[in-house]
Amino acid sequence: MSEMKERKDYTKGPLCLSGRGVTRIFGSGAKANTAVDHVDFDFHEGEFVSIVGESGSGKTTLSKMLLGLLNVSEGEILFQGKPRDISTRAKRNEYWKGIQAIFQDPFASYNIFHKIDAVLLDCINMRGGKNLPYEKKVEMMTEACSFVNLKFAELTNKYPFELSGGQMQRLMIARIFLLKPKILLADEPTSMVDACSRATILDMLLNLRDETGMTIIFITHDIGLAYYISDTVYIMEHGKFVEYGKADEVILNPKAPYTKRLISDVPKIHEEWDLSTVDLSDDQY
Amino acid sequence: MSNTLKNLLHSPKFMVGFILFIAILLTILIYPLFNPGNPLEMIGVGTFAKPGTYISLYDATSSQKETLKIANAEEKRIAAALSDEDRVKMLEWLSAYGVDVTEVDASNTDAILELWMANYNPDASIKGFTKSETRNFRLIQNRITELMSADTLIIYEEGAEDSKSKIVKTDYVNLNAIANVKTLPLGTDNFGRDVLKELVSAAGTSIIIGLIAGSVATVIGLTLGLLAGYLGGNADEIIMFITTVFTVIPGFVLLILISYSLGQDQRGPTIVAIVIGCTSWTWTARSVRSQVISLRNRDHVNLSKLSGHSLGRIILTDILPYIASYVVMAFILQVSSGILSEAQLSLLGLGPKTTTTPTLGLMMNWAMLYSAHTNGSWWAYFPVILTIACISFSLNLMNTGMDQVFNPALRD
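Those sequence lines, one after another, are chains U and B. All residue numbers for the first sequence refer to the working numbering, where the first residue is 1 and numbers rise by one. All residue numbers for the second sequence refer to the working numbering, where the first residue is 286 and numbers rise by one.
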């Protein structure tokens with residue numbers, strides 16, 4: 001851990017993505033449900049940001065808005081200091097060259113009717129490599145696969161369902177490696193894979209950041225995990241950021257009661273699990 | 286994909302439906318090879334000839350005769366000449382005359398005949414019978430005596446003095462020696478047309494109508510459903526409004542109005558099929574839309590968007606393959622309901638133009654117009670109903686089988 005603290009401080013870099021009063025309301029009238037409620041944030045270049053919260057706190061809605069897959073009800077999102085404009089298809093495609101995502105469920109992330117090659121070839125095409133000779137494309141795909149410890153020769157011509165969950169998720173990272181976006185939004189990428197694959201995937205994300213200076217927005221419900229890998233942590237409860245700051249400050253000296261609860265809910269080996277903070281009266285249960 | 290096909294082949298329901306449907310199709314394709322010609326050719330002059338084998342009487346009389354002495358030939362001849370009604374009447378007369386007939390069964394020709402020959406007296410006046418009934422008894426008596434006594438039928442050629450030939454009761458002709466024998470397995474209809482030949486041709490036309498109607502309905506429903514489901518928002522509102530309007534107006538009434546306004550000359554089988562398709566797409570649109578809504582927020586669709594794919598490409602490659610099995614099933618049901626709609630329309634006289642091609646619905650219409658159902662000519666309508674039932678049964682069975690294969694929740 002001390003090694004991690006010696007790393008470059010990414011939290012002072014130039015602004016990459018920020019939001020002012022970002023809100024999303026589903027439905028209208030009496031049924032209106034505010035999933036994300038006036039949140040402000042500033043993500044810097046190369047920063048590893050974690051957004052932590054329980055299920056239903058609005059993390060995924062926020063991530064969809066950041067990706068431009070969901071419209072913002074109120075507020076604005078600034079990309080590299082300028083208001084984001086994704087009104088036309090061309091502008092959206094330009095925006096998506098700068099921001100990409102890895103989703104939670106690797107099994108649902110692939111079109112089961114397409115071979116794996118198609119996913120990687122799409123990335124090369126998107127980076128303007130459409131007219132490259134096929135050998136060059138294979139070389140690029142092989143490089144991307146070896147970055148995530150996969151062998152392209154073994155994967156080519158296979159369908160996604162022939163791979164394990166960990167392999168699929170690594171292939172998603174290979175996709176990001178080919179695209180090299182400015183920002184990577186990882187929506188609980190480790191929650192559906194086993195513990196060994198999880199460490200590998202996190203390691204690869206960190207490598208990706210160190211190699212390309214990519215901003216990584218890591219969405220998770222696991223505050224322990226967030227502490228180990230993040231520069232900055234945002235704690236989200238009921239659509240609002242209740243606390244944010246450097247990972248050390250937030251997790252070692254939590255101020256908001258919700259943060260304290262999240263921390264005490266993490267089970268620790270060799271210690272009695274403190275369940276006293278679990279509030280069963282919460283409407284979630 | 287190959288696994289799905291294998292599962293389909295192992296689904297008994299699908300296979301039974303599939304084999305039945307293929308059998309019907311093969312019959313439609315192969316039967317005309319053995320019995321070529323216009324299916325609407327009027328081979329009979331009278332209406333509703335019964336099913337059976339017809340032999341040319343002219344050819345039979347001029348064919349090589351053999352003499353065969355068969356023991357019960359006489360009884361059979363008389364038995365065939367007496368109708369069920371005659372037998373009942375004869376028994377009534379006998380009992381009125383004072384003969385005990387409680388032991389005699391109406392089907393026992395021997396017993397009735399014996400009592401009748403022993404007791405019948407044309408001059409006896411018995412109360413309770415009308416004049417015409419009394420006359421009828423005399424006619425029956427004449428027929429019986431004629432059959433029992435006369436043993437030679439003499440045929441004269443027109444204008445000739447000498448008899449051409451004599452036919453004795455013991456004369457027999459080999460069936461193979463008769464030049465003209467026509468088997469009509471389902472008889473003829475009201476216009477004297479071979480019902481089986483007509484039925485096979487009609488089944489073919491009806492399946493084509495079903496396929497066209499099903500395709501039109503599926504294409505319209507699929508396009509609108511995909512657009513409404515994927516685009517959402519205002520596009521969804523507008524498309525669903527149109528769909529609701531079409532759902533609320535009873536499709537069949539619309540069908541009748543369109544069919545009527547087209548006029549008799551315009552209504553070929555194709556036009557009728559298109560009209561049916563244009564009124565039955567609504568539920569395909571609705572169900573496709575709901576399937577698409579559940580798919581459009583899936584991660585693979587999001588990933589496809591992030592990869593910069595166009596709307597058309599996302600719909601065609603990321604949504605359509607996922608609902609393809611569902612669409613095939615909907616198509617099969619639409620084909621089945623298209624065939625039924627044509628039958629209903631035609632039964633009302635609003636089906637295809639009636640002079641060139643038979644359809645199953647038109648055959649029902651003709652049978653109904655000429656009262657086949659009241660005069661006992663079951664062969665004019667029952668095989669048609671059975672064919673419609675078999676076609677829809679096979680299609681629905683295929684659909685149920687596919688449903689079980691594609692929907693894991695329904696697997697046994």
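Glycine residues also receive a C-beta, built at the ideal position from the N, C-alpha and C atoms. If you're wondering where the values come from, they're calculated on a predicted model, not measured in any experiment.
Check: Anything in chain B within Cβ reach of U:Tyr110, meaning under 7 Å, just list it in chain order.; Outcome: His585
Check: Consult DSSP for U:Lys130 and reduce its assignment to one of helix, strand or coil.; Outcome: coil
Check: Hey, which unbroken runs of the alpha helix (DSSP H) at 4 residues or more fall wholly within the region 549-599 of chain B?; Outcome: 554-564, 567-581, 584-591
Check: Any C-beta of chain B within less than 8 Å: which residues of the region 69-80 of chain U qualify?; Outcome: Leu69
Check: Rounded to whole angstroms, what is the Cα-Cα separation between B:Asn393 and B:Gly686?; Outcome: 52 Å
Check: So does the region 300-316 of chain B actually touch the region 452-469 of chain B, counting three or more Cβ pairs closer than 8 Å?; Outcome: no
Check: So with CB distances below 9 Å, who are the chain B contacts of U:Gln167?; Outcome: What U:Gln167 touches in chain B: nothing, since even the nearest Cβ is about 16 Å away.
Check: If distances are taken between C-alpha atoms only, which option among B:Asn582, B:Leu635, B:Val586, B:Glu522 comes closest to B:Pro554?; Outcome: B:Leu635
Check: Assuming U:Ala256 and U:Val233 make a contact with CB atoms under 8 Å, what is their CB distance in whole Å?; Outcome: Not a contact, Cβ separation roughly 12 Å.
Check: May I have the straight-line CA-CA distance separating U:Ile112 from B:Glu483, to the nearest angstrom?; Outcome: 48 Å
Check: Specify, as a first and last residue, the run of the alpha helix (DSSP H) that B:Asn720 falls within.; Outcome: The question about residue 720 of chain B has no answer here: the residues shown for chain B are numbered 286 through 697.
Check: Quick one: list the residues of chain B neighbouring U:Asn131, beta-carbon separation under 9 Å, in chain order.; Outcome: Under the 9 Å cutoff, chain B gives no residues; its nearest Cβ is about 16 Å from U:Asn131.
Check: Let me know the secondary structure DSSP gives U:Leu69 once reduced to three states.; Outcome: coil
Check: Would you identify the three-state DSSP class for U:Met4, choosing helix, strand or coil?; Outcome: At U:Met4 the pLDDT is 48, less than 50, meaning the model places this residue with poor confidence and gives no usable figure here.
Check: Figure out for me which residue from B:Val480, B:Gly514, B:Ala609 has the closest Cα to the Cα of B:Phe333.; Outcome: B:Val480
Check: B:Lys590 versus chain U: which residues are under 7 Å apart at the beta carbon?; Outcome: Leu69
Check: Pull up the distance between the alpha-carbon of B:Ala403 and that of B:Val384, whole angstroms please.; Outcome: 10 Å
Check: Counting pairs of Cβ atoms below 8 Å between the region 88-103 of chain U and the region 32-45 of chain U, do you hit three or more?; Outcome: no
Check: I'd like the list of long-range same chain contacts for B:His295, defined as Cβ closer than 6 Å, with 5 residues on each side in sequence excluded.; Outcome: none
Check: Run through DSSP, which three-state label would B:Asn320 get?; Outcome: coil
Check: Please tell me whether B:Thr289 has its Cβ less than 8 Å away from any Cβ of chain U.; Outcome: no
Check: Kindly confirm or deny that the region 497-517 of chain B and the region 655-663 of chain B touch, where touching means at least three C-beta pairs closer than 8 Å.; Outcome: no
Check: State buried or exposed for B:Tyr607, treating a residue as buried only when at least 16 other CB atoms are found within 10 Å of its CB.; Outcome: buried
Check: Can you confirm whether U:Ala153, when its beta carbon is compared against all beta carbons of chain B, has any partner nearer than 8 Å?; Outcome: no
Check: So for U:Lys180, helix, strand or coil by DSSP?; Outcome: coil
Check: Within 10 angstroms of its Cβ, does U:Asp282 collect 16 or more other Cβ (buried), or is it exposed?; Outcome: Because the pLDDT of U:Asp282 is 49, which lies under 50, any placement of that residue in the model is unreliable, and the question is left without a value.
Check: With a cut-off of 8 Å, does the C-beta of U:Tyr105 fall near any C-beta of chain B?; Outcome: In the sequence as presented, Tyr is not what sits at residue 105 of chain U; that position holds Asp. Taking Cβ atoms only, chain B reaches closer than 8 Å to U:Asp105, which makes this a yes.
Check: Does the Cβ of B:Gln549 have 16 or more other Cβ atoms within 10 Å, making it buried, or fewer, making it exposed?; Outcome: exposed
Check: Beta carbons nearer than 7 Å to chain B: which residues of the region 17-47 of chain U have them?; Outcome: none
Check: Taking B:Gly593 as the query, report the chain U residues whose CB atoms sit under 7 Å from its CB, ordered along the chain.; Outcome: Asn93, Trp96, Met126
Check: Classify B:Gly623 as helix, strand or coil using the three-state DSSP reduction.; Outcome: helix
Check: If you compare alpha carbons, which of B:Val533, B:Leu645, B:Ser595, B:Ser491 is closest to U:Asp90?; Outcome: It should be noted that the sequence gives Ala, not Asp, for residue 90 of chain U. The shortest C-alpha separation from U:Ala90 is found at B:Ser595.
Check: With contact counted as at least three CB pairs below 8 Å, one residue from each stretch, are the region 60-76 of chain U and the region 17-26 of chain U in contact?; Outcome: yes
Check: Once the 5 residues before and after U:Pro181 are set aside, which same chain residues still bring their CB inside 6 Å of it?; Outcome: Gly98, Ile99, Gln100
Check: Roughly how many whole angstroms lie between the Cα atoms of B:Arg581 and B:Leu511?; Outcome: 10 Å
Check: Taking all protein chains shown into account, decide if U:Pro267 is buried (16 or more other Cβ within 10 angstroms of its Cβ) or exposed.; Outcome: exposed
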